[in-house]
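There are 2 protein chains.
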Amino acid sequence: MGTPLPRDPIADAQRNWERHGWGDVAAPMAAITAIMRTQQILLARIETVLKPFGLTFARYELLALLSFARSGALPMNKASALLQVHPTSVTNAVDRLEKAALVARSPHPTDGRTTLIELTAEGRTLAKKATAALNAEVFGQSGFGPDDVDHLIRVLGTFRRDAGDFED
Amino acid sequence: MGTPLPRDPIADAQRNWERHGWGDVAAPMAAITAIMRTQQILLARIETVLKPFGLTFARYELLALLSFARSGALPMNKASALLQVHPTSVTNAVDRLEKAALVARSPHPTDGRTTLIELTAEGRTLAKKATAALNAEVFGQSGFGPDDVDHLIRVLGTFRRDAGDFED
DNA sequence: TCCAAACCCTTGGATGTCCTAGTATATTGC
DNA sequence: GCAATATACTAGGACATCCAAGGGTTTGGA
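In structure tokens:
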């Protein structure tokens with residue numbers, strides 16, 4: 070959380086794995102650990118950019134998703150599926166966004182079980198601003214070169230498909 | 070979280086970005102989002118394997134780290150630095166591991182501020198078993214090919230170094 | 001027709017992460 | 001030698017995620 074370490078702790082872990090006779094899985098272990106750490110770093114950057122907007126990444130993702138919906142509204146279960154998080158996480162996010170008047174709940178016109186989430190005008194405005202900030206300060210300066218970006222998209226896309234995220 | 074989606078939600082997001090004039094950052098956005106989602110999938114797999122051992126990933130990481138320490142003991146601040154998590158997260162993990170009799174706190178011999186964490190015999194045994202399970206069920210079946218693993222290690226290693234994780 | 005099964009959302013609980021602040025111990029500088 | 005600063009850990013709070021369980025609504029088969 071502070072000063073850079075003198076050595077890469079993940080490379081050290083990989084060496085430890087090899088030293089203990091697990092050389093056959095040391096590399097995948099290191100790759101997976103690196104993904105976990107990279108996610109942590111990226112999430113921290115994103116949260117830093119979103120904080121001035123009063124948003125967290127979870128809430129931003131929901132706002133962004135709604136802003137792309139044709140009607141500006143989505144059923145909660147649909148949002149849960151598209152964001153690939155547990156339904157209770159959506160409930161949680163909607164509760165907070167609704168308190169902030171960025172989204173509103175409304176009953177589904179024909180299905181009494183379903184609740185629709187809809188962007189408010191403020192919500193739409195804030196989503197635009199937050200997206201501009203993220204594009205400028207995170208996505209536009211990811212540190213990944215174009216070739217690496219393409220490779221990541223391809224490799225992780227295959228991984229996610231194999232994991233059952235989508236069929237496409 | 071359920072059935073596979075008909076289409077890749079991240080590819081859809083990338084298309085939405087492009088459609089709204091953010092084509093220059095759409096690809097990095099997709100790559101970063103893919104990293105976040107991949108981390109989520111991997112973490113879920115890991116937690117599933119560790120659950121029978123009564124461990125979470127956070128606690129496992131601490132046990133594994135200690136099992137590689139020469140003396141079998143580490144100062145909490147050292148563990149925090151190596152695991153790259155906030156000191157309070159280590160306090161939290163140690164609290165629970167200590168309750169489970171897997172680690173023990175002891176005072177540092179010369180520095181009264183420092184607390185050492187030490188593996189118990191049970192802790193060392195459990196760490197071995199959990200590592201074997203993770204190697205067999207997660208790292209050994211990551212789904213990443215050898216070339217992809219090497220590429221991920223290299224690209225994410227550069228990213229982490231640039232992000233200030235280490236100097237090496 | 002009507003009741004069981006399926007589905008949708010919410011509540012409550014467990015965990016983990018971070019931040020802020022507070023207490024105790026070391027180190028430093030005058 | 002002592003006060004000011006730095007370091008180490010912990011307590012409390014805000015958020016996020018998941019799981020388990022409960023109450024309301026729909027659907028579908030007997």
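Chains A and B, in that order, are what the protein sequence lines are.
Residue numbering for the first sequence follows this note's numbering, beginning at 70 and increasing consecutively.
Residue numbering for the second sequence follows this note's numbering, beginning at 70 and increasing consecutively.
From the three backbone atoms N, C-alpha and C, an ideal C-beta is built for every residue, glycine too.
All values reported here derive from a predicted model rather than from experimental measurement.
May I ask which residues mark the beginning and end of the beta strand (DSSP E) holding residue i?
| i | result |
| --- | --- |
| A/Pro215 | From DSSP, A/Pro215 is part of no beta strand (DSSP E) but of the alpha helix (DSSP H) over 215-231. |
Could you confirm whether any beta carbon from chain A is found closer than 8 Å to the beta carbon of residue i?
| i | result |
| --- | --- |
| B/Gly192 | no |
| B/Thr107 | yes |
| B/Asp180 | no |
| B/Ser175 | no |
| B/Glu206 | no |
| B/Ser211 | yes |
| B/Ala138 | no |
| B/Pro97 | yes |
| B/Glu236 | yes |
| B/Pro73 | yes |
What residue does the alpha helix (DSSP H) around residue i start on, and which one ends it?
| i | result |
| --- | --- |
| B/Pro156 | 156-168 |
| A/Leu195 | 190-206 |
| A/Glu87 | 78-88 |
Let me know the secondary structure DSSP gives residue i once reduced to three states.
| i | result |
| --- | --- |
| A/Ser149 | helix |
| B/Ser140 | coil |
| A/Pro121 | helix |
| B/Pro178 | coil |
| A/Leu112 | helix |
| A/Glu187 | strand |
| A/Leu171 | coil |
Excluding sequence positions up to five away, which residues of its chain have a Cβ less than 6 Å from the Cβ of residue i?
| i | result |
| --- | --- |
| B/Trp129 | Before going on, a small fix: residue 129 of chain B reads as Tyr here, not Trp. Only Leu119, Ala199 meet the Cβ criterion. |
| B/Thr183 | Pro144, His177 |
| B/Leu203 | Val118 |
| A/Trp86 | Ala95, Met98 |
| B/Val159 | Met145, Ala148, Ser149 |
Here's a check: name, in chain order, each residue in its chain whose Cβ is nearer than 7 Å to the Cβ of residue i, leaving out the five neighbours to either side.
| i | result |
| --- | --- |
| B/Ala169 | Gly123 |
| B/Phe126 | Leu112, Ile115, Glu116, Leu119 |
| A/Glu191 | Ala170, Leu171 |
| A/Arg139 | none |
Excluding the 5 residues flanking residue i on each side, which residues of the same chain have their C-beta closer than 8 Å to its C-beta?
| i | result |
| --- | --- |
| B/Ala142 | Leu135, Ser175, Leu185, Ile186, Glu187, Leu188 |
| A/Asp16 | The question about residue 16 of chain A has no answer here: the residues shown for chain A are numbered 70 through 237. |
| B/Asp237 | Arg230 |
Does any residue of chain B have a CB that is nearer than 8 Å to the CB of residue i?
| i | result |
| --- | --- |
| A/Ala77 | The displayed chain sequence assigns Asp, not Ala, to residue 77 of chain A. Yes, contact with chain B. |
| A/Arg229 | yes |
| A/Gly92 | no |
| A/Leu132 | no |
| A/Glu167 | no |
| A/Val163 | no |
| A/Ile110 | yes |
Original post:
Per the contact definition of three or more C-beta pairs closer than 8 Å, is the stretch 90-97 of chain A in contact with the stretch 208-226 of chain B?
Top reply: The stretch 208-226 of chain B is in contact with the stretch 90-97 of chain A.
**OP:** Could you tell me whether the stretch 70-83 of chain B touches the stretch 97-117 of chain B, where touching means 3 or more Cβ pairs closer than 8 Å?
**Re:** A contact exists between the stretch 70-83 of chain B and the stretch 97-117 of chain B.
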